[in-house]
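These notes are about the structure you will find just below.
There are 2 protein chains.
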Amino acid sequence: MVKKVLKFGGTSVGSIKRIQHVANIIQKEHSAGNQVIAIVSAMAGKTNDLINLSKDICDEFNKRELDVLLSSGEQITAALLAGALIKIKINAKSWLNWQIPILTEGAHSNARIININIKTINDFLNKKGVAIIPGFQGISKIGDITTIGRGGSDATAVAVAKIFNADACEIYTDVDGVFSTDPKKIPVAKKIDKISYDEMLELSSLGAKVMQPSAVQTAMMYNIPLEVKSTFTDRPGTKIFSQDNIDYTKSVTGVAYSKDDAKITIIGVKDKPGVAANIFEPLSKAQINVDMVIQNISSDQKTTDITFTIKRDEVYKTIEILKNNKDIEYEDISHNNKVAKVSIVGAGMVSTPGITYKMFRALSDKKINILAISTSEIKLSVIIDEKNTLEAIKKLHTIFDLD
Amino acid sequence: MVKKVLKFGGTSVGSIKRIQHVANIIQKEHSAGNQVIAIVSAMAGKTNDLINLSKDICDEFNKRELDVLLSSGEQITAALLAGALIKIKINAKSWLNWQIPILTEGAHSNARIININIKTINDFLNKKGVAIIPGFQGISKIGDITTIGRGGSDATAVAVAKIFNADACEIYTDVDGVFSTDPKKIPVAKKIDKISYDEMLELSSLGAKVMQPSAVQTAMMYNIPLEVKSTFTDRPGTKIFSQDNIDYTKSVTGVAYSKDDAKITIIGVKDKPGVAANIFEPLSKAQINVDMVIQNISSDQKTTDITFTIKRDEVYKTIEILKNNKDIEYEDISHNNKVAKVSIVGAGMVSTPGITYKMFRALSDKKINILAISTSEIKLSVIIDEKNTLEAIKKLHTIFDLD
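Protein chains in written order, with this note's numbering: chain A, 1 to 403; chain B, 1001 to 1403.
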């Protein structure tokens, strides 16, 4: 007997028809003799509707009450799915987080799961029951409802898989799996059959948002095998393992890109010790997420140019903070709102020489100017003009044999 | 210091604007130094939306899961109202039923509140906090979510008022209070300032649905004074007391009517002991609610005609059950779908002679034929042709000095 955690995202449960389809998927697993715990998201659009209600009251809606509000979304899906299963004669039951309980710690809207009581649900599974758990939420030590951040249902699925010692954790979504690049933009994009946690992390944090990154991290930490697959087809999905379990035939696994980036350059910064800290500390305090940072060597040894990238909608806030920063001296600030980040990702890169050169040459062949570069063991990212994004992805996809 | 339970119905919290208005009402009470516990319904239409979702799966949606589903409606209102209060600097907090807890017993969708833990909330009230509780729901002894029937938020309000020993229980709704008859139909209808529990019960069960009858019953049992008032005006509402506290200057307090009635007559029933039980037992088992029953004295002592009224949408089901009933013998069954019940209600009726005669005479003056009659201590009901309803109400409203 196999114990499976199946997680169904918002589009997978976006209508009654789809919830009934999910019930059929669970029925198939159940008939095959598997024990099933299903984790469900709120119906597509529901969480945004609730957030908008709260914003109609005020933008800084009390976070404790926001969690009470938002948690209703997954509660509704859980009840509907349990009802749909019972209708097709499966002994199913929804378990709200306080009923289990799923204990969390940390701030409202950003809590972490620290413990899950498994006894009652395991008893139920042993009696051929199917347990339905709303994702994204838990309770705090003082018994308040908490939520664990947008996309948190993935984190719930992985935590449940870990604590229940499940044999499989399958993430059902609206795409066939993880692709070598965005299939909507590049039709020759290919579904990846197997991928390592690291690669998946790089791909997902770079815009291929199939799974929530922190959930992948947790799976990696506890070595929980994942599979991302489509709710709407029978095709096998993408299996996510630790690197050791994958034979790499290709050095590059995928090409990712992120939109909505912007580049800021501080020109002629007085180059003295601590200057980087002086620049970035106030940004970090203002919750501005700085991505790539490049500091050019200063030619006169006295001033330097510092370039970094952030999300586009934080450009003006960032510039304002820089201008009000009395701890730094500089000549000017320039910004470019129309940039994109394109990255090649692959666990095989580290053992393949010449990847960097091959990437730069390919872009140069297409006359695409590289505005900034950043590298890691399994990733190579460049910032380019936004208008060249598609051409760059296509070219890289081809030269690294992904078509 | 006065402890008040304020209950806000679905239309009172039907939009964010209205929830903010409710927050202002609570703020006023709070500034006046009163302790406030607010009980909230689901936003208008929300419960029906959720029921429709469940019906899209099946009509006999599992009752345990239906309670999980429906309870989300009041949960959403509670969070939004708490957030709206915090926004205007009032220390408010929502308490879901499992957090208090509010213990219930009885079947899902029809549970009864049996206990409420008051300590935590009382501590909060003593620190000038405003407690928000979703109505209509509780938890069972085994920790499942239960609901206490449609309109159950009134029952929650009365139970909370009783167990917290509140000084007042105010039911905020979308009308000014209880009227001497339907103000939409009869413009001279007058708001009643004071009414007894019994009268309120007769009026509400007869179609003046301002408050849920079982909540009025509970209030009567524990002698909890109620006030029904409008969320949208500042006018005083209708106070509901025990009869002893009211001086009756009029014998009749109001004229009620119910639509959607139907009358069924079984003609030539063999009159033998137990025949009534044989007729009505199968109907009761089929959950058909029989209202008035009239059995004519049989002229030949051998057969009799039995007439009873039911809701119109149950006519065909009822006739089918009668036809399949092998325990009764009769000549024919006739039915009339176009009847209405008109009632005069008044605690003063019992001490005023001639009320019955006066009512019959008034209807006869208008050439309105009485199809059936039923009486109680504080109520006199007649079944008439539906087309005469308005005329009958008008006439009765006038002759009993209610205009």
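The beta-carbon is built from N, C-alpha and C at its ideal position, and this holds for glycine as well.
| Check | Outcome |
| --- | --- |
| Touching or not, the region 386 to 393 of chain A and the region 343 to 353 of chain A, by the rule of three or more beta carbon pairs under 8 Å? | no |
| When burial is assigned at 16 or more other CB atoms within 10 Å of the CB, is B:K1239 buried or exposed? | buried |
| Under 8 Å by Cβ, that's how I've got B:V1210 and B:T1173 pegged, so tell me the actual separation to the nearest angstrom. | 6 Å |
| Give a yes or no on whether the minimum CB-CB distance between B:S1153 and chain A is below 8 Å. | no |
| Determine contact between the region 279 to 293 of chain A and the region 310 to 317 of chain A, defined as no fewer than three beta-carbon pairs at a distance below 8 Å. | yes |
| Could you have a look at B:V1040 and say whether DSSP puts it in helix, strand or coil? | strand |
| If you drop the 5 nearest sequence neighbours on each side, which residues of the same chain put their C-beta closer than 8 Å to that of B:N1325? | N1278, I1279, P1282 |
| Could you check how far apart the C-beta atoms of A:L70 and A:L50 are, in whole angstroms? I think they sit under 8 Å. | 5 Å |
| Our contact map puts B:A1168 next to B:A1215 with C-beta atoms below 8 Å; I'd like the distance itself, whole angstroms only. | Actually they are not in contact, since the Cβ atoms of B:A1168 and B:A1215 sit about 15 Å apart, beyond 8 Å. |
| Can you name the residues of chain B whose CB is closer than 7 Å to the CB of A:D56? | I1016 |
| Could you tell me the distance, in whole angstroms, from the CA atom of B:I1246 to the CA atom of B:R1112? | 30 Å |
| Give the range of the beta strand (DSSP E) segment to which A:G138 is assigned. | 137 to 139 |
| Taking the alpha-carbon positions, what's the A:S351 to A:I186 distance? | 27 Å |
| Starting from A:P213, trace the alpha helix (DSSP H) both ways and give me its first and last residue. | 213 to 222 |
| Mind checking whether A:I264 and A:I310 have CB atoms under 8 Å apart? | yes |
| With 16 as the cutoff for other CB atoms within 10 Å, does A:G274 come out buried or exposed? | exposed |
| Contact between the region 1121 to 1130 of chain B and the region 1030 to 1039 of chain B is defined here as three or more beta-carbon pairs at a separation below 8 Å; is this criterion met? | yes |
| What does the Cβ neighbour count give for A:P134, buried or exposed, with the cut at 16 atoms within 10 Å? | buried |
| Quick one: does B:N1062 have its CB under 8 Å from some CB of chain A? | yes |
| Name the residue from A:N296, A:N336, A:T77, A:L363 whose alpha carbon lies nearest to the alpha carbon of A:H412. | The structure shown does not extend to residue 412 of chain A, since chain A spans only 1 to 403, so no value can be given for it. |
| Measure the alpha-carbon distance for B:K1184 versus A:R64 and round it to whole angstroms. | 42 Å |
| For A:I86, which residues from the same chain have a beta carbon less than 6 Å from its beta carbon, with the 5 sequence-adjacent residues on both sides left out? | A92 |
| Should A:L80 be flagged as near chain B, meaning a C-beta pair shorter than 8 Å? | yes |
| What is the rounded straight-line gap between the Cα of B:L1203 and the Cα of B:K1162? | 23 Å |
| Do the region 1367 to 1378 of chain B and the region 1219 to 1226 of chain B make contact, defined as three or more Cβ pairs closer than 8 Å? | no |
| Taking just the CA atoms, how far does A:K17 sit from B:A1084? | 35 Å |
| Quick one: is B:G1083 near chain A, going by C-beta distance under 8 Å? | yes |
| By the 10 Å Cβ neighbour count, where 16 or more other Cβ atoms means buried, how is B:A1107 classified, buried or exposed? | exposed |
| What does the alpha-carbon distance come out to for the pair A:Q20 and B:D1056? | 10 Å |
| Taking all protein chains shown into account, decide if B:K1229 is buried (16 or more other Cβ within 10 angstroms of its Cβ) or exposed. | buried |
| Which residue from A:Y357, A:V382, A:G10, A:S54 puts its Cα closest to that of A:D261? | A:V382 |
| So which residues on chain B does A:I170 lean against when the C-beta distance must stay under 8 Å? | The amino acid occupying residue 170 of chain A in the given sequence is Glu; Ile does not appear at that position. The contacting residues do not exist; A:E170 stays about 23 Å from chain B at best. |
| Residues of chain B with CB under 7 Å from A:Q75, in chain order? | V1068, S1072 |
| Once you ignore the five residues that flank B:N1165 on each side, which residues in its own chain have a CB closer than 8 Å to its CB? | K1003 |
| For the region 18 to 44 of chain A, list every residue whose C-beta sits within 8 Å of some C-beta in chain B, in sequence order. | I19, Q20 |
| Please list the partners that A:I100 has in chain B, where partner means a Cβ-to-Cβ separation under 7 Å. | Ordered by position in chain B, no residue passes the 7 Å Cβ test against A:I100, which lies about 10 Å from the chain. |
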